[in-house]
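>
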Amino acid sequence: MTVGILYALQRLKNHKIFCISPRSINISGVLNCICFDKTGTLTEDGLDMRGVVPVAQSLGKQVQLTQITSPATLPHDHLLYAMATCHSITIINLQQVGDPLDLKMFESTGWTLDEPGLDDTNKYDMMMPSVVRPSAPDVVISNENVETEPPLELGILRQFPFSSSLQRMSVITRRLGAPNFELYCKGSPEMIASLSQPETVPSNFSEQLLQYTYQGYRVLALGWRPLRLSYRKAQQINRDEVECNLEFLGLLVMENRLKSETTPIISQLHMAKIRTIMVTGDNMLTALSVGRECGLVGPQQQVISIKALPPHQGLPASLTFHATTAKTPASPVVMRHVDAGVGINIDDDANDSYCFAIEGKSWGVVHEYFADKLQKLVVRGAIFARMSPDQKQQLVLELQSLGYYVGMCGDGANDCGALKAAHAGISLSEAEASVASPFTSANANIACVPTLIREGRCALVTSFGIFKYMAAYSLTQFVSIMILYSIDSNLTDLQFLWIDLFLITVFAIFFGRTDSYKGPLASYSPPASLLSVAPIASIVVHMLAVIGFQTFCFFYVQEQPWYVPFNATTSDEIFAGHENYAVFSVSQFQYIMLALVFSRGPPFRQHVYSNYLLSGSILVMTVCSVVLTVAPPQFIIDQFELVLPPAGDQQADFFRWQMILYSLLYSALAVFIEYIIIDYLCYRKCKNKFHDVYKSKKKYLAIEQDLKHDKTWPPLSTDADLSGGEKKELMLDARKLGETIKKVEANGHAPGAVTTVTQFQSSL
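The end of the sequence shown is residue 764 by UniProt numbering, with every number in the run present.
1. Which residues share a DSSP beta bridge with D282?
2. Could you check whether the segment 233–241 touches the segment 257–272, counting it as contact only if at least three pairs of C-beta atoms, one from each stretch, sit closer than 8 Å?
3. Do you know offhand how far V506's Cα is from Y556's?
4. For Q375 and E398, I'd like the C-alpha separation in whole angstroms.
5. Name the DSSP bridge partner or partners of M254?
6. Less than 6 Å between C-beta atoms, sequence neighbours within five positions excluded: which residues of the same chain meet that for I192?
7. Taking just the CA atoms, how far does K13 sit from I91?
8. Does DSSP put I426 in a helix, in a strand, or in coil?
9. Curious, which full-length alpha helix (DSSP H) runs of at least 4 residues does the segment 583–634 contain?
10. Decide if the segment 81–97 is in contact with the segment 200–220; the criterion is three or more beta carbon pairs, one per stretch, under 8 Å apart.
11. Taking the alpha helix (DSSP H) that P389 falls in, what are its first and last residues?
12. Rank N256, G403, S388, D390 by C-alpha distance to the C-alpha of residue 769 and give the top, closest one.
13. In whole angstroms, what is the alpha-carbon distance linking F464 and L475?
14. Name the one or two DSSP bridge partners that M470 has.
15. Should the segment 583–602 be called in touch with the segment 488–507, which here means at least 3 C-beta pairs below 8 Å?
16. Roughly how many angstroms lie between the CA atoms of I673 and A595, to the nearest whole one?
17. How big is the Cα-Cα spacing for P714 and M284?
18. Going by CA-CA distance only, name the one from L494, M105, K259, Q391 that's closest to S164.
19. Taking the beta strand (DSSP E) that residue 800 belongs to, which residues open and close that run?
20. Looking at R454: is its Cβ nearer than 8 Å to the Cβ of S532?
21. To the nearest angstrom, how far is the alpha carbon of I637 from that of L494?
22. Does the Cβ-Cβ distance between I306 and F356 come in under 8 Å?
23. Could you pull out every residue in the same chain whose Cβ sits closer than 7 Å to the Cβ of V564, ignoring the five residues on either side in sequence?
24. Taking the DSSP output, what are the residues bridged to residue 766?
25. Taking DSSP's pairing of strands, which residues face S516 in a bridge?
26. Under three-state DSSP, which class holds H322?
27. Contact between the segment 164–180 and the segment 28–48 is defined here as three or more beta-carbon pairs at a separation below 8 Å; is this criterion met?
28. Specify the secondary structure class of H709 as computed by DSSP and reduced to three states.
29. Which same chain residues end up closer than 6 Å to D48 when comparing Cβ atoms and leaving out the 5 residues on each side of it in sequence?
30. Can you tell me whether P526 is buried or exposed? The criterion is at least 16 other CB atoms within 10 Å of its CB, across all chains shown.
31. Buried or exposed for residue 814, going by 16 or more other Cβ atoms inside 10 Å?
32. Comparing C-alpha positions only, which one of R605, F439, S388 sits nearest to S21?
33. If you draw a straight line from the alpha carbon of A84 to that of V297, how long is it in whole angstroms?
34. Can you list, in chain order, the residues of its chain with a C-beta nearer than 7 Å to that of D649? Leave out the 5 residues immediately preceding and following it.
35. With H, G and I counted as helix, E and B as strand and the rest as coil, what does DSSP make of D114?
36. Going along the chain, which unbroken runs of the alpha helix (DSSP H) with 4 or more residues stay wholly within the segment 345–385?
This is the structure:
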């Protein structure tokens, strides 16, 4: 049973996919849902700097974000200082090492980083900070009017590292000659805006953020505040006490391109009817843009963005649906009004093609307050954005509870929980994530996913094939013995040895060497249980054929005119007789044919003839069996104790060839049984025809069936169900969204979209 796994393990290694849990290989063959992280998995790990969007304030006007600009054109002010200091870069072997985003951001400033020249063992509790300074000398500091200025140097005194749950990082710095400390904070735009003083957040913040995220850019925000602290206090203060009351500085826009392998691999998985899900910590609109671009969300598929709010100030928890569609390259932005009681029906002929997109905060609310809706959201969910590591793990567990076989592919520490919880976790990182996942790919792209599924299916079919072959071999030999026992005969010792050592052992050794199928992934997976209908039916029907042919040959030889009955009283150790010859002759070919039909080929494994050792051994054993049946040498006759039909008798000679003919008839019947009756009719046709999804262990099938027939869900409310403030906010958001998309499309940055904004509020 483990032969298939051992060979699959070696083939995975050849593809630079390493496994620390071999038992996970078989289960990877039945995966029907794959969750992908975005950054570093679907998109390139490295980022390109698109630019920065600084905050500008005119006299008498509210602060606004200006046009995107190059970091090289920034004045020496807090925005540039934040980019130069708010990172986790260090120097190892004279090379800057750190997060790719931090490296790109710092590189764009043109500044240099100096660290104290101490050994790692001496850096604990050191008082000397890391220092950043401009590369160009004689810089001028804006808004500073002093006669003699000290060199522009900023010391990084303390770092609060990036936290996925907090969605930010920050540093405490001090400029050379400055009286106070300063804090610079970098994180998700929504988080930095919430931590900033309201009057410093630009009035066009949402519009600008929407514009860049709609184009698929990765957007971060930067904030700043002065700190009036002593040095000791700065070293001891908690981050929550300083990461507040920030002044919003601007946006950092990074470009994250898709990997070249992403789109074709997603297409392969969809053709194989394997569900794909994006689960990321990035912005929702960025995730949607990437999902559209890589084909994870189809061009004709309607996306419904879900927002859930917890109870607040006496109001119950609410659920909001924003239906967004991008069907044609140039469709207008519309606001759709619906009547009470009418379902989604954005496009009646494509009602069953919509999918959900949800953010981490809303996921938490739905998980707690809308538990009855959670399973529906999980079944139709395609984009899960702003998800924390724990929420990623929750999603994987929810998918598993619905009956999915879940694979998780990610590259960062944020994915460790999900990688460990999934049936098959695939890490694209050789660092921390690889410890939690059973599989690690040295090639950092998702091409490893279909490779793993292929090898898993191949290993699963091989394991099942070997199991069925060993079971059928034992039963076939048992049938031969029981038939011969009826006349007090048996197989001879050398006949047992020939069957067990040369036929069975050789086939079992070479059985698993057949490679996985290199063509397209099949739209169905092999059976996952030995106790399912197909494997059991296969063994039972084949055994009926074996019994039928052996019994026929046993009685047929007794009808021959030259037949001599076996005399069991002559000796207790002599089993030679015409019945022994007939049963042994036909059983040889049954062992060979069972190995051939159980060594399945496409769509899960290559054809058996591609396995040169197995096909060669089958050919050799077939020739030897023909010789043993028709014209064995005298020393073979003596050793095998064969009693052949008398030589020279025309009918007797013809009987020998009749044994070959009946073996050929059995071979044809065995092929018909395995490929037509078992595989086509029993497994692929009858399984779906008589399968009741509502009684299946796969709960998602019943939920999917209900969603296809329920034209009234998700429900939409009328304007009467919304308060005046909600109506105004909804119309404003829709107008801003429409204006932004028109701007983007006018600049040629995006493929176009139809955005339908609808909202309802429901309480439990």
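Every residue gets a Cβ at the ideal spot worked out from N, C-alpha and C, and that includes glycine.
Quick answer:
1. According to DSSP, which records beta bridges pairwise, D282 is partnered with nothing at all.
2. no
3. 31 Å
4. 8 Å
5. M49, R218
6. A221, G223
7. 34 Å
8. strand
9. 612–630
10. no
11. 389–401
12. The shown model of the chain, from 1 to 764, leaves out residue 769, and the question about it has no answer.
13. 16 Å
14. In DSSP, M470 forms no bridge with anything.
15. yes
16. 14 Å
17. 20 Å
18. Q391
19. No answer is possible for residue 800: it lies beyond the span of the chain, which begins at 1 and ends at 764.
20. no
21. 11 Å
22. yes
23. H578
24. What the structure shows of the chain is the stretch from 1 to 764, and residue 766 is not part of that stretch, so it cannot be assessed.
25. R605
26. strand
27. no
28. helix
29. E255
30. buried
31. It is not possible to answer for residue 814, since the shown part of the chain is limited to 1 through 764.
32. F439
33. 37 Å
34. W562
35. strand
36. 360–369, 371–380
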